[in-house]
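Asker: Chains as they are written, first to last, in this note's numbering: chain Z, 986 to 1334; chain X, 27 to 381. Where is the CB? At the ideal position from N, CA and C, for every residue including glycine. Got a structure here, written out as C-alpha cells. Questions coming.
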Amino acid sequence: MSPDTPPDGPGTRERAPGIPPAGPGTLLEVRDLRVEFRTRDGVAKAVDGVSWSVAAGETLAVLGESGSGKSVTAQAVMGILDTPPGRITGGEILFRGRDLLKLKEGERRRIRGAGMAMVFQDALSSLNPVLTVGDQLGEMFTVHRGMSRKDARAKAVELMDRVRIPAAAERVGQYPHQFSGGMRQRIMIAMALALEPDLIIADEPTTALDVTVQAQVMDLLAELRRELGMGLVLITHDLGVVADVADRIAVMYAGRIVETAPVHDLYKAPAHPYTRGLLDSIPRLDRKGQELYAIKGLPPNLTAVPSGCAFHPRCPMARDVCRTDEPDLSEVSRDRGSACFFWRECLRG
Amino acid sequence: MAEPTRPTEPIIEVRGLYKHYPLTRGVVIRKQVGAVRAVDGVDLDLFAGETLGVVGESGCGKSTLAKLLVNLERPTRGSIRYKGEDITRLSARALKAVRRNIQMVFQDPYTSLNPRMTVGDIVGEPYEIHPEAAPKGDRRRRVRELLDVVGLDPEYVNRYPHQFSGGQRQRIGIARGLALRPEVIVADEPVSALDVSVQAQVVNLLERLQGEFGLSYVFIAHDLSIVRHISDRVAVMYLGRIVETGRDAEIYDHPTHPYTQALLSAVPVPDPSVRERRAAAGGNGGRIILSGDVPSPTNVPSGCRFRTRCWKAQERCAREEPELAVPERFREAVGPARHDSACHFAEERCVVPSD
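Below, the structure written as C-alpha cells:
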C-alpha cells in the first residue's frame, strides 16, 4: 500500500452527496477536482470542484456541451493536461485508492497504459502518420513490457483481431491513412486495450464517425468492457449514446457537475433544469411541426461565469436566490445528486 | 414520383444528375485513370414551401449534391430545372439572376465567414453582387433588419465573426443566405457543428423563417432525428444515389430499403428503456449492425451499390441495378409502405422497438 493511501482506506472519508460511496470495486475516484486555465481574458475555471467515481465493470457517462469541462477532467485524470496554460489547483484523483496527483511522473506513466488508458475522439490526428499501425501498437509492448519487436508485432496482430479488423495479419504493416475512420478508431481502441487496463476513458469516441460505424464501435467497446470487466468513462455530448450504454451519468455545466444519477432515473425525471432542457430539446415524434424546446441563451464564458448558479441566466425556474447563492450538489437519493435549489420541483416536472 | 395529389409544379426538378471528379495520373501527360462518382444519377423534386431532408453518411455525395443545386459545381451530366429552366445550361448572366433565388447555408460557421469582414459587411455582401436587390442607401438598414430577423442584436453590425459563438455565427450565415430574399435555401449540415442546446434554437429559427418568407428548404444532415423534425419529405442517399424517398413517416416508420433500415436502427435512442427492450428481444434486438465500411466512390459495386454490406443480397443484386420506384410488391398496396425504394427485395421491417 502506498503511503499516500489514507490509513482508513478509501471509502470511509466523507463523500459528496449523491455520489455512491467508494467501495472495494471502485477503480477511480475524482474528488473536488479543480483545473484552471490562464487566458488573456483572465482565469478560466474549466473544472470547478468535480467529483465522481467509477467501479470495475461500470460505465459512467460524463455528459456536457463544449466548454463544460468534461474533456479537461479526462485530461487531468490521464495526466495529459497541457500545463501551462492549464493548472490543477485542487482535489484528488484516486486510482485504486492512490492519489495520482501525488505520484512522480515515472509512477504515473506506469499507471497510464497498464492501469488506465484513453481513447481519443479524432483517431486520424491521434495516430502517428509516419509509423505503421503495427509499429504503433507494438510500441506498447516494447516500451512497457520489454518485448522483442517480433513478439510485439505478433501481439499487435492479436489486438487487431480482437477489435475485429479484417485481415489483421496483412494490414499490420499499413499506415493510418490506409484505414477508414471506423477502422482507425478500432486501432485506437486496440492501443488502449494493449496493456489490459482496468479502466478506459473514451473521449467522444464515436463523434467523428458515421451512424452505422458508430454503432459498430460502441458495440465493440461495450462488449470488450463486459469481456474484460473494465470500467469505462465515456465523455460525450450525445444523449442517445448515453442512454444506449451508460450505467450512471454525470452532467456537467460550466465546469461543475449539475446532476448525477443512474441513467434510468435521469431520463425518467431529471432533477436539474439544465438536464431537463437538454432532454426536452431532442426532437420527438409527437412534437413534429411544433417548435423544439430550446434552452435560451448560450453557455457562459468560463472567464466570466455568472454569479450564484451558473445556469441561472438560462434557467426557466431561476429565482432571486439563484442569482446570489451557488447551489452545492444536494442529495436527491442515495445514488443521485442535483446542484439545484429547486430539484424537488424539477423532479415533479 | 409517388406524389400524384400534389397540384403544383416542383420549384426545383433534378433529373439524372451526375458529378464525377476525374482521377488523373501523370504530370506532363495527364491520363484519366478513374473517377470519383460523388453524385451518380440523382432524381429529385422540391416543391414550393416544403422541406426536403437529405440524409446519408459521409461520402454519400450529399454535400456535392448541395453544391450542384446552388451551382457552385457544374454537373458532369443531367439537368437541374428551376421553375422549368435548366440552370446547368444558362449563360453567366442568366445564371446570376437565378442564383439570387437559390442560396446556401454552410455547415461550419467557423470557416464559412470571412474573419476580416464585419458582420455588417458579411450579411450585406450579397448586395454588392446583386445591386438591384437593394438600393445603396438602403443597405445598412436592411442588414440591421436581417440581423433582427435571425435573432441577433442589430447593434452588432460592426463586430467581427470571432466575437460570436457558434450558434450566433450560424445565425449570421443564415442572415446572409436570406439577404437576397431567395425562394430556395440549401442548408448543408446547418446545425451539426453546434451544441445540443443551441441546435434547437437554430432549427426553430429555420422553421420560423420558412413560414415568414415562404422558403423551400433542402436540408442536408446526418442527424436523422433533426431531419425528421424539420422535413416534409426525406431522401436517403448511399454512395451517390438516392436509395429511398418518401414522406417523413413513410421513411421513418415504414422503411423498405435495407440501408434505410440499418441507418435508422443504428441511431441511438435517447431512452434507456429501449436498451432493455432490445435486450429482451434477443440478439441485437432488432438493431442491424452493418458489417464493413462504405465502398469507395471510385470503385462502386456493380448492380445495387449497397449489396456489399447488405444481408439480403443475392445474385440478382450484383447483376441488375434496382431503380428508384415503388417496388413491385407494394405497387398494388395502399398505405405508407408504398413509396420509392431502390431495392429488388424491398420489405417492411420494424427497426426501432416500441412500447
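Just mark X:LYS88 as buried or exposed, buried being the case when its beta carbon has 16 or more other beta carbons within 10 Å.
Answerer: buried
Asker: Going along chain X, which residues have a C-beta under 9 Å from Z:HIS1222?
Answerer: ASP221 and VAL222
Asker: Got a sec, what are the start and stop residues for the beta strand (DSSP E) X:ILE246 sits in?
Answerer: That run of the beta strand (DSSP E) goes 242 to 247.
Asker: What are the residues that DSSP puts in a beta bridge with X:GLN227?
Answerer: Beta-bridge pairing links X:GLN227 to no other residue.
Asker: Any idea if Z:SER987 is buried or exposed, counting beta-carbon neighbours within 10 angstroms, 16 or more meaning buried?
Answerer: The pLDDT assigned to Z:SER987 is 45, lower than 50, so where the model puts this residue is not dependable; a value taken from the coordinates is nonetheless given after this. Exposed, by the Cβ-count rule.
Asker: Cβ closer than 9 Å: which chain Z residues qualify as neighbours of X:VAL295?
Answerer: Residues of chain Z passing the Cβ test: GLY1225, ALA1228 and ASP1229.
Asker: Going along the chain, which residues of the region 1029 to 1060 of chain Z sit with their C-beta nearer than 8 Å to a C-beta in chain X?
Answerer: GLU1050 and SER1051
Asker: Out of Z:ILE1150, Z:ILE1220 and Z:LYS1253, point me to the one whose CA is closest to Z:MET1237's CA.
Answerer: Z:ILE1220
Asker: Which class does Z:SER1110 belong to by DSSP, given the choice of helix, strand or coil?
Answerer: helix
Asker: Could you work out which residues of chain X lie near Z:LYS1273, taking near to mean beta carbons separated by less than 8 Å?
Answerer: Here the neighbours are ARG254, HIS255 and ASP274.
Asker: When the distance is taken between beta carbons, is Z:VAL1248 closer than 8 Å to X:PRO298?
Answerer: yes
Asker: Taking the alpha carbon of X:CYS40 as the reference point, which residue from X:GLY52, X:HIS283 and X:ARG107 has its own alpha carbon closest?
Answerer: Correcting the residue identity first, residue 40 of chain X is Val in this sequence and not Cys. The option with the nearest alpha carbon to X:VAL40 is X:ARG107.
Asker: Among X:GLY199, X:ILE113 and X:VAL176, which one has its Cα closest to the Cα of X:PRO187?
Answerer: Of the candidates X:GLY199, X:ILE113 and X:VAL176, the one whose C-alpha sits nearest the C-alpha of X:PRO187 is X:GLY199.
Asker: Of all the alpha helix (DSSP H) runs that stay within the bounds of the region 283 to 363 of chain X, which reach a length of 4 or more residues?
Answerer: Restricted to the region 283 to 363 of chain X, the alpha helix (DSSP H) segments that are unbroken, complete and at least 4 residues in length are 284 to 292, 298 to 307 and 341 to 345, listed in chain order.
Asker: Taking one C-beta from the region 1079 to 1093 of chain Z and one from the region 1146 to 1160 of chain Z each time, how about it: are there three or more such pairs within less than 8 Å?
Answerer: no
Asker: What's the C-alpha gap between X:ILE55 and X:LEU98?
Answerer: 28 Å
Asker: Would you mind sorting Z:THR997 into buried or exposed? The rule is 16 or more other CB atoms within 10 Å of its CB.
Answerer: Legend: pLDDT at Z:THR997 = 40, less than 50; position of this residue unreliable, value from coordinates given subsequently. Looking at its Cβ environment, which holds fewer than 16 other Cβ atoms inside 10 Å, Z:THR997 is exposed.
Asker: Using DSSP with H/G/I as helix, E/B as strand and the rest coil, what is Z:PHE1126?
Answerer: Z:PHE1126: helix per DSSP, three-state reduction.
Asker: Pull up the distance between the alpha-carbon of Z:GLY1119 and that of Z:ALA1061, whole angstroms please.
Answerer: 29 Å
Asker: In this structure, how does DSSP classify Z:THR1117 when only helix, strand and coil are distinguished?
Answerer: Under the three-state reduction of DSSP, Z:THR1117 is assigned to coil, being neither helix nor strand.
Asker: Let me see if you follow: with CB-CB separation under 8 Å, is X:VAL80 close to chain Z or not?
Answerer: no
Asker: Within the 8 Å Cβ cut-off, does Z:GLY1167 reach chain X?
Answerer: yes
Asker: Interface residues of chain Z around X:ILE315 at Cβ under 7 Å?
Answerer: By Cβ distance, chain Z contributes ALA1200, GLN1201 and ASP1204.
Asker: Go to Z:ARG1089, then tell me how far its alpha helix (DSSP H) extends in each direction, as first and last residue.
Answerer: Going by the sequence as given, residue 1089 of chain Z is Lys instead of Arg. That residue, Z:LYS1089, is in no alpha helix (DSSP H); it is neither H nor E in DSSP.
Asker: I need the boundaries of the beta strand (DSSP E) containing Z:HIS1249, first residue and last residue.
Answerer: Unbroken run through Z:HIS1249 is the alpha helix (DSSP H), 1248 to 1253; no beta strand (DSSP E).
Asker: What is the DSSP secondary structure of Z:ILE1242, counted as helix, strand or coil?
Answerer: DSSP places Z:ILE1242 in strand when its eight states are reduced to three.
Asker: So the candidates are X:HIS370, X:SER317 and X:GLU233; which of them puts its Cα closest to the Cα of X:CYS343?
Answerer: Comparing Cα-Cα distances from X:CYS343 to each of X:HIS370, X:SER317 and X:GLU233, the minimum goes to X:HIS370.
Asker: If I measure Cβ to Cβ from Z:GLY1076 and keep anything under 6 Å in the same chain, skipping five residues before and after, which residues do I get?
Answerer: Exclusion of the five residues before and after Z:GLY1076 leaves ARG1016, ASP1017, LEU1018 and ARG1019 as the residues of its chain whose Cβ lies within less than 6 Å of its Cβ.
Asker: Going by the beta-carbon positions, is the gap between Z:ARG1299 and Z:ILE1280 smaller than 8 Å?
Answerer: In this structure, Z:ILE1280 lies closer than 8 Å to Z:ARG1299 by Cβ.
Asker: Hey, quick one: how far does the beta strand (DSSP E) through Z:SER1292 stretch, first residue to last?
Answerer: It is not in any beta strand (DSSP E) - Z:SER1292 carries neither H nor E in the DSSP assignment.
Asker: Ignoring anything shorter than 3 residues, give me the beta strand (DSSP E) runs that lie fully in the region 1049 to 1090 of chain Z, in order along the chain.
Answerer: Here the runs fully enclosed are 1071 to 1080.
Asker: Should Z:GLY1334 be flagged as near chain X, meaning a C-beta pair shorter than 8 Å?
Answerer: no
Asker: Would you kindly work out how many angstroms separate the C-alpha atoms of X:TYR136 and X:GLY79, rounded to a whole number?
Answerer: 23 Å
Asker: DSSP has Z:LEU1184 in a bridge; who is on the other side?
Answerer: Z:MET1101 and Z:GLY1216
Asker: Going straight from the alpha carbon of Z:ARG1093 to that of Z:PHE1080, what length do you get?
Answerer: 10 Å
Asker: With Z:GLY1225 and X:PRO294 assumed to form a contact (beta carbons below 8 Å), what rounded beta-carbon distance in angstroms separates them?
Answerer: With 8 Å as the limit, Z:GLY1225 and X:PRO294 qualify as a contact, their Cβ atoms being about 3 Å apart.
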